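Participant: If you're matching positions, the sequence shown starts at 64 in this note's numbering and goes up one per residue.
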Amino acid sequence: WSPMNTHIMFINTIHNNLSDVITRNYINITFVCRYPINYMVQQPNGRNMIRVDVRSITLNTEDGNFSVSMLLYKDEAFKDRWTTVPSLSLDDDIFVKVFMIPAHLTLRLERCWATPTSHPFGNIQYTFIRDSCPVLTNKQTLSVLRNGEGPEATFRIQMFKFVGSSYTDVFLHCNVQICHSGQSVCQPNCSVEDGFMRIRRDIPLSHTVSYGPIRRLVTDNVQPNLNSSGVPPVETFVLGGLLVILILVTGVFGRLWLRSRRFYPAREAQLTLSNIHHISEVAS
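1. Measure how close the beta-carbons of Glu139 and Val239 come, nearest whole angstrom, since I'm counting them as under 8 Å.
2. Below 8 Å, how does it come out for the region 178-194 and the region 140-154: are there three or more Cβ pairs, yes or no?
3. Can you check whether the CB of Ile220 is closer than 8 Å to the CB of Leu208?
4. Rounded to the nearest angstrom, what separates Thr146 and Val315 at their Cα positions?
5. Going by DSSP, name the residue or residues bridged to Lys160.
6. Could you please give the first and the last residue of the uninterrupted beta strand (DSSP E) stretch that includes Gln240?
7. Name, in chain order, the residues that DSSP records as bridge partners for Asn210.
8. Just verifying my parser: in three-state terms, what is the DSSP assignment at Thr146?
9. Note down the Cα distance separating Ser132 from Met163, rounded to an integer number of angstroms.
10. Can you tell me the Cα-Cα spacing of Phe184 and Ile92, whole angstroms?
11. Within 10 angstroms of the Cβ of Gly317, are there 16 or more other Cβ atoms? Answer buried if so, exposed if not.
12. Once the 5 residues before and after Tyr230 are set aside, which same chain residues still bring their CB inside 6 Å of it?
13. Would you mind sorting Leu135 into buried or exposed? The rule is 16 or more other CB atoms within 10 Å of its CB.
14. Which residues in the same chain as Ile77 place their Cβ atom closer than 6 Å to its Cβ, once the five residues preceding and following it in sequence are excluded?
15. With a floor of 3 residues, list each beta strand (DSSP E) that falls wholly inside the region 158-198, ordered by position along the chain.
16. Looking at C-alpha atoms only, which residue of Phe158, Gly213, Lys142, Val226 is the closest neighbour of Arg171?
17. Whole angstroms are fine: how far does the CA of Gly304 sit from the CA of Lys160?
18. Within its chain, find whatever has a CB closer than 6 Å to the CB of Pro197; leave out the 5 residues flanking it on each side and keep chain order.
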């Protein structure tokens, strides 16, 4: 680990083999590979296809290369992944896997959230994993399957929508922490008793890899069912006839009510005037 606990550092020294080619008696070459502990992973701004290829993060000079990716799958087996932008209804589940290559370290989800746009830091956000633990207690809505146990983390979340008819896309984002394999500190403790003991970490916002949106299936403009001839079924005509009859009956009763109200205000006014006249006579 680095002194500030912000990077993982690998240090190795290469020694020479004695030969007649090198005239020096001893060669000592030391190299260092440095990997930032924290990474942010998000779904990319793709409209036609989710690109599920592994994307490498190229670091500067002394840093090494490895990749962190987020993939979407169609079921809990995590074998059949989405290769196009998925269109899901609000009753469907989203199966997400976040993994790293090479797989010799341990990956932990620190925070995961959703936005209606590809910008991960917009004003509208919905956080569902915080401090490596699920925010939602209902396991039917959110279930963290693996986190901090190996080089991949998986969770299942039910499809949702943001308030507003203009929002049809959902983008997922996750802050990821990388630990040495076998470190117990990387395994989150999400018990209710220890909830107040969790420490919120500040995650650097650099090193971002991206994937595409999840589209909400809009069912507001569903076409009516047609039979094989392209004609609406009989039930449609029956309901239409009942609606016409209801409108006619309502119109008849409405007309009768208006005719009755035409004489009622006059009688009410006369009664009021008569009472006033009677009171004035008594007073005199």
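Glycine included, C-beta positions come from ideal geometry on N, C-alpha and C. Being a predicted model, the structure only gives us computed values, none of them experimental.
Facilitator: Considering the structure as presented:
1. The Cβ separation is near 22 Å, so there is no contact.
2. Cβ pair count under 8 Å is below three, so no.
3. no
4. Cα to Cα, Thr146 sits roughly 60 Å from Val315.
5. Leu134, Thr217
6. 232-243
7. DSSP, once it has assigned bridges, lists no residue as partnering Asn210.
8. In the structure shown, the three-state DSSP call for Thr146 is coil.
9. 6 Å
10. For the pair Phe184 and Ile92, the Cα-to-Cα distance works out to about 43 Å.
11. exposed
12. So the list reads Pro179, once near-sequence residues are dropped.
13. buried
14. Ile92
15. 168-178, 189-193
16. Gly213
17. 53 Å
18. Leu205, Val207
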